[in-house]
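Here full-length UniProt numbering is used: position 42 in the sequence shown is 42, and no number is missing along the way.
By construction, the Cβ of each residue, glycine as well, lies at the ideal position given by its N, Cα and C atoms.
Below is one structure, written out as structure tokens, with a few remarks after it.
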Amino acid sequence: MQSSELEWCANAENHLSLRRSGRVPQGIKKKRIQQELEAAILNGFKDGLQIREMDDKGRGVITTREFYKGEFVVEYEGELVDGKVGKKRDILYKKDSKIGCYLYFFKHRDRQYCLDATEETGKLGRLINHSRNGNLISRVIEVGKPIKPHLIFLARRDILKNEELLYDYGDRNPQNIMDHPWLAH
Ligand SMILES: C[S@@+](CC[C@H](N)C(=O)[O-])C[C@H]1O[C@@H](n2cnc3c(N)ncnc32)[C@H](O)[C@@H]1O
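What follows is the structure, given as structure tokens:
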């Protein structure tokens with residue numbers, strides 16, 4: 001497994017098994033953190049999370065325990081397609097008001113990708129709502145055989161029990177903000 005960004009390792013070591021393992025050289029720490037993240041992703045780890053119906057946003061995801069800054073929280077799981085395919089699907093889905101917006105576009109190694117999580121799968125990453133000041137950040141890491149990019153959410157700060165999980169959808173398009181005023185906050 002490789003990671004495009006490793007700066008979160010310093011925080012991640014606070015909560016993984018490395019906490020209990022005393023003085024460990026930096027290179028080994030990074031390798032172990034990556035191994036633990038890989039295991040969390042491949043095992044579909046979603047400990048400490050619960051779906052809740054929110055007053056004004058549909059469903060949302062709430063914590064049932066604390067998460068430390070930098071800790072793996074959940075993966076955004078969906079069908080991984082090329083960015084161009086994602087854009088076509090976006091146009092198609094917008095024509096049907098019954099289909100919600102569950103497309104996550106991202107760039108990795110100079111390629112545009114889209115995770116299409118439109119299908120109701122019971123996965124939790126797709127149910128996380130937007131805030132410009134959210135408690136999650138996303139990272140792309142490469143996992144599996146064959147290796148492919150996975151989008152994961154890490155705690156942006158320490159998160160308390162019973163907090164709603166939120167991340168910045170990053171949509172600053174003026175027309176989209178007019179159509180969905182909640183994107184402005
Ligand atoms: C990826 S889904 C999130 C899960 C969704 N709430 C559900 O019940 O399936 C994105 C949709 O959630 C709603 N949403 C997300 N963040 C919101 C917010 N801050 N305020 C109001 N609605 C929000 C919008 O309807 C948006 O199209």
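Query: Kindly indicate which three-state DSSP category G58 falls into: helix, strand or coil?; Result: strand
Query: How many whole angstroms separate the CB atoms of L166 and N135, which I take to be in contact at a CB cut-off of 8 Å?; Result: 6 Å
Query: To test your reading of the DSSP string, which unbroken beta strand (DSSP E) runs of 3 or more residues are found completely within the stretch 95-153?; Result: 103-108, 111-116, 136-143
Query: Please report the distance separating the alpha-carbon of S4 from that of V143.; Result: For S4, the predicted structure reports a pLDDT of 38, less than 50, and the residue's modelled location is therefore unreliable. A value from the coordinates is still provided. Between S4 and V143, the C-alpha separation is close to 12 Å.
Query: Confirm the yes/no value for this check: CB of G83, any heavy atom of ligand 1, distance under 7 Å.; Result: no
Query: Compare the C-alpha of F45 against each of T121, E75, G100, Q175 and name the closest.; Result: E75
Query: What is the DSSP secondary structure of D179, counted as helix, strand or coil?; Result: helix
Query: Could you have a look at D158 and say whether DSSP puts it in helix, strand or coil?; Result: coil
Query: Rounded C-beta distance between N129 and K57? I'm assuming under 8 Å.; Result: 5 Å
Query: Considering only heavy atoms of ligand 1, does any lie closer than 7 Å to the CB of K46?; Result: no
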